[in-house]
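The structure under discussion appears below in the form of C-alpha coordinates.
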(Lines of atoms letter the chains of each structure in order from A; the text may use other names.)
(Lines give C-alpha, C1' and ligand atoms only; values in the text may rest on other atoms or scores of the structure.)
Protein backbone atom coordinates (compact mmCIF):
# COMPACT_ATOMS: atom_id res chain seq x y z
CA UNK A 740 0.00 0.00 0.00
CA UNK A 741 1.34 3.45 -0.85
CA UNK A 742 1.13 6.54 1.31
CA UNK A 743 -1.72 7.86 -0.84
CA UNK A 744 -3.73 4.72 -0.07
CA UNK A 745 -3.34 4.93 3.71
CA UNK A 746 -6.52 6.97 4.24
CA UNK A 747 -8.84 4.72 2.20
CA UNK A 748 -9.28 1.76 4.57
CA UNK A 749 -9.81 4.02 7.59
CA UNK A 750 -12.49 6.06 5.84
CA UNK A 751 -14.29 3.05 4.39
CA UNK A 752 -17.23 1.78 6.47
CA UNK A 753 -17.37 -1.91 7.30
CA UNK A 754 -19.49 -4.26 5.18
CA UNK A 755 -23.17 -4.19 6.25
CA UNK A 756 -22.56 -1.46 8.83
CA UNK A 757 -25.03 1.31 9.53
CA UNK A 758 -23.89 4.62 8.06
CA UNK A 759 -25.06 8.16 7.46
CA UNK A 760 -24.39 10.43 4.50
CA UNK A 761 -21.91 13.15 5.44
CA UNK A 762 -23.41 16.34 4.04
CA UNK A 763 -20.65 18.32 5.81
CA UNK A 764 -18.15 16.97 3.27
CA UNK A 765 -19.93 18.74 0.39
CA UNK A 766 -20.65 22.38 -0.43
CA UNK A 767 -24.22 23.41 0.42
CA UNK A 768 -24.94 23.99 -3.28
CA UNK A 769 -24.62 20.24 -3.91
CA UNK A 770 -26.89 18.98 -1.10
CA UNK A 771 -30.09 19.01 -3.16
CA UNK A 772 -28.44 16.93 -5.91
CA UNK A 773 -28.17 13.88 -3.64
CA UNK A 774 -31.09 11.56 -2.82
CA UNK A 775 -30.01 11.11 0.80
CA UNK A 776 -31.83 12.52 3.82
CA UNK A 777 -29.87 14.26 6.56
CA UNK A 778 -30.02 12.18 9.73
CA UNK A 779 -31.32 9.03 8.01
CA UNK A 780 -29.60 5.67 8.46
CA UNK A 781 -28.30 3.62 5.53
CA UNK A 782 -26.83 0.13 5.29
CA UNK A 783 -23.42 0.00 3.64
CA UNK A 784 -23.12 -2.92 1.20
CA UNK A 785 -19.55 -2.18 0.18
CA UNK A 786 -17.38 -0.77 -2.54
CA UNK A 787 -18.14 -1.66 -6.17
CA UNK A 788 -15.12 -3.70 -7.37
CA UNK A 789 -15.08 -2.23 -10.90
CA UNK A 790 -15.66 1.32 -9.59
CA UNK A 791 -13.07 1.91 -6.86
CA UNK A 792 -14.14 4.63 -4.45
CA UNK A 793 -17.85 4.10 -5.17
CA UNK A 794 -20.30 2.03 -3.14
CA UNK A 795 -23.78 0.58 -2.75
CA UNK A 796 -25.99 1.58 0.18
CA UNK A 797 -29.62 0.93 1.08
CA UNK A 798 -31.98 3.20 2.98
CA UNK A 799 -32.59 1.39 6.29
CA UNK A 800 -36.16 2.71 6.49
CA UNK A 801 -37.39 2.12 2.91
CA UNK A 802 -34.98 -0.46 1.48
CA UNK A 803 -34.27 1.75 -1.55
CA UNK A 804 -30.86 0.90 -3.06
CA UNK A 805 -28.37 3.55 -4.16
CA UNK A 806 -25.24 2.77 -6.13
CA UNK A 807 -22.27 4.63 -7.52
CA UNK A 808 -21.91 7.23 -4.77
CA UNK A 809 -18.52 8.08 -3.28
CA UNK A 810 -17.56 5.84 -0.39
CA UNK A 811 -15.82 8.75 1.35
CA UNK A 812 -19.18 10.52 1.81
CA UNK A 813 -20.50 7.86 4.20
CA UNK A 814 -19.61 7.67 7.87
CA UNK A 815 -20.10 4.52 9.90
CA UNK A 816 -22.30 5.04 12.95
CA UNK A 817 -20.99 4.33 16.42
CA UNK A 818 -22.86 1.85 18.63
CA UNK A 819 -24.40 4.81 20.49
CA UNK A 820 -25.71 6.34 17.24
CA UNK A 821 -27.11 3.08 15.81
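Residue numbers (my numbering): 740 to 821.
For glycine and all other residues, C-beta sits at the position ideal for the given N, C-alpha and C.
Residue i, DSSP secondary structure in three states
i: residue 811; result: helix
i: residue 770; result: helix
Unbroken beta strand (DSSP E) run spanning residue i, endpoints
i: residue 757; result: 757 to 760
i: residue 784; result: 781 to 786
i: residue 776; result: Note, residue 776: premise wrong, no beta strand (DSSP E); not H, not E.
Closest Cα partner of residue i within the set the options
i: residue 751; options: 782, 799, 801; result: 782
i: residue 754; options: 803, 779, 787; result: 787
i: residue 758; options: 821, 819, 815, 820; result: 815
i: residue 797; options: 784, 764, 771; result: 784
i: residue 756; options: 799, 768, 772; result: 799
Alpha carbon of residue i to alpha carbon of residue j, nearest angstrom
i: residue 795; j: residue 807; result: 6 Å
i: residue 777; j: residue 791; result: 25 Å
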